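Below is one structure, written out as C-alpha cells; comments come after it.
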Amino acid sequence: MFSLNPLSMLFLFLILLGVIPNLFYMAGYLSHIKRKTHFLIHYFAFIFSMTGVVLSNEILPFLFFWELMSLASWQLILTEPTDEAIKAARFYFFMTHFGFVFILLFFLMLGGDSLFTNFETLKELASDFKYPTLLFLLITVGFLSKAGVVPLHVWLPYAHPAAPSPVSALMSGIMLKIAIYAFLRFLFIIPNWQIEWGVIILALGAISSLVGVLYAIASHDIKALLANHSIENIGIILIGIGVGMIFTYLKLPTLAAFAFIAAVYHTLNHMSFKSLLFMSAGSVLYATQTKHIESYGGLIKLMPITAFMFLIAAISISALPPTNGFLSEWMIFQSILSSSGINNLVLKLSFPFAIFALALTGGLAIACFVKAFGITFLGLARSENAKHAKEVNKLMLTGQILMAGVVISLMLFMPFFIKIINYSLPITDIYHKLFQNIWVMHSLNSNGAVAPLLILAGLIIVVFAIYAFYKYLNPKIRIYHTWACGYNTNAKSQYSATGFAGPIRRFFEWLYRPEVHTHTQTISGHKTKFTSSLYEVHIKPLFEKSLYDNVVKGLNFLSYFVYKLSHFERHRYSSLIFMLLIFALFSFRVFYKEISWGNIVLEVIVMSIFYKFLFGENK
C-alpha cells in the first residue's frame with residue numbers, strides 16, 4: 012500500500028523542506044485567522060494528504076490522498092468565507108475535479124478490476140496496453156491541470172490570493188510539485204514514448220512560461236502576481252521534462268538525464284523561493300491589511316527583515332547568478348543547446364521556440380520583480396496602512412529566515428542535490444560527468460560550465476573592495492530632498508505599478524485586451540490642471556474570457572434545447588422523429604458519396620423548416 016522508492020523519497024524531502032519553515036510561519040500568522048479550529052484541522056490534513064500521495068504505491072490509497080489533498084486545500088481557501096474566497100473556492104473545486112476525472116480514467120483503463128493494484132504491476136500492464144498515447148494524454152490533463160499548466164491554469168490567480176498566506180505558500184510551493192511528482196511517476200511506467208509526446212510537453216511548458224510571466228507583470232495584487240509566476244515556473248519545469256522526453260525517444264540517454272535533472276532541480280528551487288515569496292508577501296499583507304501593490308511603498312524602513320527575505324527570493328526567481336534559480340534555468344538552457352549537432356526536423360522547429368520563450372520569460376521576470384520589490388518596499392508610503400506598518404512577529408520572521416536558508420542551501424550545495432536527483436530518477440548516471448570537482452558543473456555536448464561558489468566568492472570580494480575604497484576616500488555625505496523639477500515630491504508623484512507595466516501592457520495589448528477607466532476632476536477654467544485623477548486598468552485573462560466563458564455560454568445554449576425537448580407537445584415529438592429520420596438517410600447517402608449540391612440545398616431547407624417548427628415559440 013505504501014513504499015519508499017527513490018523518487019518518492021526525493022519528493023518527501025521536498026515536502027519536509029517546505030513544511031518545516033511553514034509551520035513556524037503559520038504559528039505566527041495564526042492570530043490573524045478568525046476560524047482557527049477550521050484552519051488547523053484542514054492545514055494538517057493538507058500536509059498529511061500530500062505526504063500520503065508521495066508514499067502511496069497502490070491505486071486506491073493514491074486516489075484517496077489525492078482527493079483529500081484537493082478537499083483540504085479547497086476548505087483552506089474558504090478559511091475566511093468572503094465573496095472573493097467563495098468564488099475562488101468554487102472555481103478551484105471544479106477545476107481540480109475536472110482533472111480528477113482523467114486520473115480516474117487512467118487507473119480504470121490500466122488497473123483492471125482491482126483498485127489495490129500496485130504501481131509495479133501497473134508498469135507491467137502498461138507494457139501490454141495497445142494505446143499508450145491515450146494513457147499519456149490522460150495523465151497530462153489529469154495531473155498538469157493540478158500543476159497549473161496553460162490552458163488549465165485559470166484557478167491559480169483566484170485560489171492563491173484568497174487562501175491564507177501560509178496556505179498559499181504550501182499550495183504554490185508544494186502542492187503544484189506533488190502534481191509534477193505524480194506526472195513523472197506515471198510517465199515513467201508508460202512504455203514506447205513518442206517524440207510527439209515530448210513536443211506537446213515542451214510546447215505546453217513554453218506557452219505556460221510566457222503566459223504566466225506576462226500576466227504576472229500586469230497584476231497589481233501581490234499574491235495574484237506570485238500565483239501567475241507559479242504558472243511561469245511550472246512552464247519552465249515542463250520545458251526541461253519535454254526536452255528529456257524528446258532525447259529519450261532519440262535514444263540519447265545522457266542528454267535526456269541532464270534535461271530531467273534540470274527540471275527536477277528547478278522543481279526544488281521553485282518550492283524554496285516561491286514559498287519564501289508568499290511568506291514575505293503574507294507578512295506585508297499582515298502588516299498593511301491589503302494585497303494591492305499600489306497601496307504599499309517605503310516598507311523597507313519599517314519591515315527591513317521581510318524586505319531582505321523578499322529580495323533574496325526575488326533575485327533567485329529572476330534567475331540572476333549565482334542563485335539556485337539561475338543554476339537550474341542555466342541547466343535547462345544547456346540541455347536545449349546540447350541538441351545543436353542533432354539533425355532532426357522536430358528539434359529544429361520546437362527547440363528554437365523553447366529557447367525564445369525561456370529567454371523572454373527570464374527578461375520579463377526580472378522586470379516584474381523590479382516592479383514588485385521597488386513599488387512595495389522603496390519610495391514613500393502610498394497609504395496610511397503602509398505608513399504605520401510594523402515588522403511581523405518573531406515566529407513569522409523565523410519561518411522566512413529558515414526558508415531563505417533553504418534557498419541559499421540549494422545554491423551552495425548544488426552538487427549534493429544534483430547527485431540525489433540523479434539517483435532518484437530512472438535515468439542514466441551522469442553525476443561524475445557533470446562534476447569533475449565540486450567547484451564547477453560542466454554541461455554535456457557543449458563548452459558550457461558554471462561555478463556558483465566561485466561566482467559568489469567573486470561578488471563578495473568585489474563588494475568588499477568597493478566598500479573599502481569608499482571608506483578610504485571618506486567622501487562627505489549630504490542628505491537633501493529629492494529634486495523634482497521644482498515640484499514638491501509626495502507619494503502621488505512616485506512611479507506606480509500601473510505605470511511601470513504600461514509599456515509592456517501596450518506592447519502585448521492583443522493578449523491583455525485591457526479595460527481602461529479614467530476619471531479626472533479639473534480646476535474650473537483649466538483643461539490641464541486638475542485636483543484629482545483616477546486611472547485604472549482591468550485585465551481579464553484571455554483564456555478565461557475566450558475559452559471558459561465561451562464554454563459556459565455553449566453549455567447554457569445546449570441546456571436551452573434540452574429544456575425545450577423535455578417540454579414538447581406530443582405532435583412535436585413525431586416531427587422530431589421524422590426530422591432525425593431524414594437526417595439519418597441523408598447521412599447514409601453522404602457516407603456512400605451519393606450526393607449532389609441539389610440534395611444538400613433540399614436537405615438544409617427541410618431541416619430549417621422542421622427546426623423552426625420544433626423550436627419556434629407558440630403563438
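Numbering (my numbering), first residue to last: 12 to 630. Where a beta carbon is used, it is the ideal one built from N, C-alpha and C, also for glycine. Keep in mind it's a predicted model, so treat the numbers as computed, not measured.
Query                                                                                                                        : Result
Where Leu375 falls: helix, strand or coil (DSSP)                                                                             : helix
Completely contained beta strand (DSSP E) runs for the region 223 to 283, where each covers 3 or more residues               : none
N-terminal and C-terminal residue of the alpha helix (DSSP H) that Glu78 is part of                                          : Ile70 to Ile88
Separation of Leu25 from Phe109, as counted between CA atoms                                                                 : 26 Å
9 Å Cβ cutoff met for Ile366 and Met282                                                                                      : no
When Asn501, Thr265, Phe50 and Ile58 are compared against Leu187, the one with the closest alpha-carbon                      : Ile58
Spatial distance of Phe194 from Tyr506 (CA atoms)                                                                            : 43 Å
Val357 vs Ile257 beta-carbon contact at 9 Å                                                                                  : yes
Beta-carbon contacts of Phe102 that lie in its chain and below 6 Å, excluding the five residues immediately before and after : Trp166 and Tyr169
Ala392 and Ala324 closer than 9 Å at C-beta                                                                                  : no
Inter-residue CB distance, Ser183 and Phe289 (contact presumed, cutoff 8 Å)                                                  : 6 Å
In DSSP terms, what Phe13 is bridged to                                                                                      : Ser67
As assigned by DSSP and simplified to three states, the class of His453                                                      : strand
Cβ-Cβ separation, Ala173 to Ile88 (assumed contact under 8 Å), whole Å                                                       : 5 Å
For Thr409, the nearest candidate out of Leu287, Pro72, Gly565 and Thr265 (CA to CA)                                         : Leu287
Distance between Ala512 and Glu529 (C-alpha atoms, nearest Å)                                                                : Position check: residue 529 holds Thr in this sequence, whereas Glu was assumed. Approximately 17 Å, taken between the alpha carbons.
Distance between beta carbons of Met80 and Val64, contact taken as under 8 Å                                                 : 6 Å
Tyr297 beta carbon less than 9 Å from that of Ala180                                                                         : no
Opposing strand residues paired with His303 [DSSP bridges]                                                                   : Asp232
For Asn129, the three-state DSSP class (helix, strand or coil)                                                               : strand
Through-space distance from Gly390 to Thr299, alpha-carbon basis                                                             : 16 Å
Cys496, buried or exposed, once every other Cβ within 10 Å from all chains shown has been counted against 16                 : exposed
Pro162 versus Leu221: straight-line alpha-carbon distance, rounded                                                           : 12 Å
Distance CB(Ala229)-CB(Met342) smaller than 9 Å                                                                              : no
Strand pairing of Asn448, partner residues [DSSP]                                                                            : Val451
Cross-strand partners of Ala476 (DSSP beta bridge)                                                                           : Ala476 pairs with nothing; no bridge assigned.
Glu243 classed as buried or exposed, judged by whether at least 16 other C-beta atoms fall within 10 angstroms               : buried
Buried or exposed (CB count within 10 angstroms, at least 16 for buried), Lys503                                             : exposed
Distance between Gly336 and Lys430 (C-alpha atoms, nearest Å)                                                                : 17 Å
Chain-order list of residues whose beta-carbon lies under 7 Å from that of Met61 (same chain, five-residue window excluded)  : Ile26, Met80, Ile185, Met186 and Ile189
DSSP three-state assignment for Val210, whether helix, strand or coil                                                        : helix
Gln205 in three-state terms, based on DSSP                                                                                   : coil
Cβ-Cβ separation, Gln411 to Lys291 (assumed contact under 8 Å), whole Å                                                      : Just to set this straight, residue 291 is Ser in the shown sequence, not Lys. So it is a contact: roughly 6 Å between Cβ atoms.
Enclosing alpha helix (DSSP H) for Asp124 [first to last residue]                                                            : Segment: none, Asp124 is in no alpha helix (DSSP H) and carries neither H nor E.
According to DSSP, residues forming a beta bridge with Ala495                                                                : In the DSSP output, where bridge partners are listed per residue, Ala495 has none listed.
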